[in-house]
Structures are given as structure tokens and as C-alpha cells.
Amino acid sequence: AQSVTQLGSHVSVSEGALVLLRCNYSSSVPPYLFWYVQYPNQGLQLLLKYTTGATLVKGINGFEAEFKKSETSFHLTKPSAHMSDAAEYFCAVSDRRTGNQFYFGTGTSLTVIP
Amino acid sequence: EAGVTQFPSHSVIEKGQTVTLRCDPISGHDNLYWYRRVMGKEIKFLLHFVKESKQDESGMPNNRFLAERTGGTYSTLKVQPAELEDSGVYFCASSQLDRVSYEQYFGPGTRLTVT
């Protein structure tokens, strides 16, 4: 089975600072990779995904992530944090061979300090 | 286009009672998934419907959980009888039939508290 590791259950950054949320997966075959965000009292919203092609993926709200096969990583970054980025972020993968279920990390709660 | 909706948003029940959660997927989405997040842990897969058929129910924790999707539209997840460890947030997601490995669209979740 797949497993997803998100280092840091809580991350705090100052407004305007770089956001870096880490995600590593365990799979011998690179999976499909996703980042979701959950704002308070809302559902999970897709930020970006990697399925094939260019390894640097751009998403909504200025976020991007880079798939690094050699490091089995898919870290999420944003050059300059905004107060509205405060939310919980989830990394998820699905198996290219079987698809269907997603495997999630434990989530990272991002706090933006004014 | 309406997103995935779930009802109720919150439910507080006593141990031993029954609760039924409902999910309405995006119209036209044949894939429907249930997930659960227990506090502090990862979101875990429960089961997957393709239309009205259960494609994969490997994540269902035990036989106290029963999921149905009559007519291939909305789905219900019944917990009977509820136990304390069933507390958590239950998410529903849907996707189009030919895109099983692409993004899933999630609902806001139902927060279940068993006391």
C-alpha cells in the first residue's frame, strides 16, 4: 500500500515569507500526486496535481509543486505567503496502476503571522 | 454546477445509536468515494462506488458500517451501532467514470461525534 508523509503538522510563516510544505511518498512506481487545501468550515479543494509531463506544476493561488522522482517528493511552495493562505494542506497520491482510492498524508496546518 | 454536498454537517449521537450520513455527488459523476478522518490522523479511504456497485470496500472498518448507493445517484453511510472510535469527519468525493486516477471532488464533510 502507498504511504504519504507530511513533515510538520503545524507550520508558521510570516506574511510575505516563503511557504514550503513537505510531502514524501513511498511507491516503487511514481503515483499521481495531489495537493488539496481545506479552509475552515469548507471541503477539500484541489490546489494542483501531477499526472505526467512537466515536473513543476503550477496551481491556484500562486502555489506550485515539483515532482522529484529520485527523492520521492512533491513539496508545495509559494514565494510569498498571504494571510488568506492560512488553512490545512493535504498531500495525496493515487496508484497509476489501480487508481481509485487516494492515500493522504496527515495534513499540515499553515499559520500566517502578520 | 453544484459541488459535492453532504448532510448533515454535524451529528452528535450517543454510543449505541444509529446515524446515517448522506452524500450527493456532482451530477454525472459515476465514481463516488467515502473517506474518514479521525482526529489528528490522515484521511483514510473507506469505499468506492461505480454507479450503484461497490467497486472497493477494503477500507470499511467493520460490519457496523453499511454504505448504499441506490440508483447510482446519492449515497448513504450508516453506522449501527455507533462506537466512540467512530468519531471523526466523514468525507465524500466524486469523479467522472473515465478519470479514476485524476482529481476527486470533495464535499465539506460530516463531523460525527459519538459520546
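One line per chain: the protein sequences are A and B, in this order.
Mapping of the first sequence onto this note's numbering: position 14 corresponds to residue 14, and the numbering continues sequentially without gaps.
Mapping of the second sequence onto this note's numbering: position 23 corresponds to residue 1023, and the numbering continues sequentially without gaps.
C-beta atoms are modelled at their ideal positions from N, C-alpha and C, and glycine is treated no differently.
Problem set entry | Distance, B/H1029 Cα to B/G1072 Cα | Indexing the second sequence from 1 puts residue 1072 of chain B at position 72. Indexing the second sequence from 1 puts residue 1029 of chain B at position 29. The straight-line gap from Cα to Cα measures roughly 9 Å.
Exercise. Mind pulling the chain B residues with CB within less than 7 Å of A/F104?
Worked result: Within the first sequence, residue 104 of chain A is the residue found at index 104, counting from 1. Within chain B, the residues near A/F104 are E1042, I1043.
Exercise. What number of angstroms, rounded off, separates the C-alpha of A/H10 from the C-alpha of B/A1002?
Worked result: Stepping through the first sequence from its first residue, residue 10 of chain A is reached at position 10. Stepping through the second sequence from its first residue, residue 1002 of chain B is reached at position 2. Each residue's alpha carbon lies about 32 Å from the other.
For this session: Using alpha carbons as the reference points, say which of B/L1112, B/S1094, B/D1098, B/T1113 lies closest to B/V1004.
Result: Here residue 1004 of chain B refers to the residue found at position 4 when the second sequence is read from its first residue. That would be B/S1094, whose Cα lies nearest to the Cα of B/V1004.
Exercise. Is it the case that the Cβ atoms of B/V1114 and B/E1083 are separated by a distance below 8 Å?
Worked result: Residue mapping note: residue 1114 of chain B aligns to position 114 of the second sequence, counting from 1. Residue mapping note: residue 1083 of chain B aligns to position 83 of the second sequence, counting from 1. The answer is yes: Cβ separation under 8 Å.
Exercise. Cα separation between A/F63 and B/N1031?
Worked result: Walking along the first sequence from the start, residue 63 of chain A turns up at place 63. Walking along the second sequence from the start, residue 1031 of chain B turns up at place 31. Distance between the alpha carbons of A/F63 and B/N1031: 28 Å.
Exercise. Going along chain B in order, which residues have a C-beta closer than 8 Å to the C-beta of A/K49?
Worked result: On the first sequence, residue 49 of chain A is found 49 positions in, with the first residue counted as 1. The answer, in chain order, is Y1102, E1103.
Exercise. By how many angstroms is the C-alpha of B/L1077 removed from the C-alpha of B/R1022?
Worked result: Mapped onto the second sequence, residue 1022 of chain B falls at position 22. Mapped onto the second sequence, residue 1077 of chain B falls at position 77. Spanning the two alpha carbons is a distance of roughly 6 Å.
Exercise. The beta strand (DSSP E) spanning B/R1037 covers which residue range?
Worked result: To locate residue 1037 of chain B, count along the second sequence from 1; it is residue 37. 1031 to 1037 is the span of the beta strand (DSSP E), which, as asked, contains B/R1037.
For this session: Could you check if B/L1066 is buried or exposed, using at least 16 other CB atoms within 10 Å of its CB as the buried criterion?
Result: Counting from one through the second sequence, the residue named residue 1066 of chain B turns up at place 66. Counting Cβ neighbours within 10 Å, B/L1066 comes out exposed, since fewer than 16 surround it.
Exercise. From which residue to which residue does the beta strand (DSSP E) around A/C23 run?
Worked result: Here the question's residue 23 of chain A lines up with position 23 in the first sequence. Where A/C23 is concerned, there is no enclosing beta strand (DSSP E), given that its DSSP letter is neither H nor E.
Exercise. Can you find a CB in chain A that lies within less than 8 Å of the CB of B/V1004?
Worked result: On the second sequence, position 4 is the one that residue 1004 of chain B refers to. Closer than 8 Å to some Cβ of chain A, the Cβ of B/V1004 qualifies, so yes.
Problem set entry | Assumed close pair B/T1070, B/Q1006 - CB separation to whole angstroms, cut-off 8 Å | Translated into the one-based positions of the second sequence, residue 1070 of chain B becomes position 70. Translated into the one-based positions of the second sequence, residue 1006 of chain B becomes position 6. Actually they do not touch by this definition, with Cβ atoms about 17 Å apart.
Exercise. Between the Cα of B/E1057 and the Cα atoms of B/L1047, B/S1009, B/N1063, which residue gives the shortest distance?
Worked result: In the second sequence, the residue the question calls residue 1057 of chain B occupies position 57. For the residues B/L1047, B/S1009, B/N1063, the minimum Cα distance to B/E1057 belongs to B/L1047.
Exercise. Is it a yes or a no for the segment 33 to 51 of chain A touching the segment 78 to 89 of chain A, going by three-plus beta-carbon pairs under 8 Å?
Worked result: yes
Exercise. When you compare only the Cα positions, how much space is there between B/G1040 and A/G107?
Worked result: Here residue 1040 of chain B is taken as the residue at index 40 of the second sequence, counted from 1. Here residue 107 of chain A is taken as the residue at index 107 of the first sequence, counted from 1. Near 9 Å, if we compare the C-alpha coordinates of A/G107 and B/G1040.
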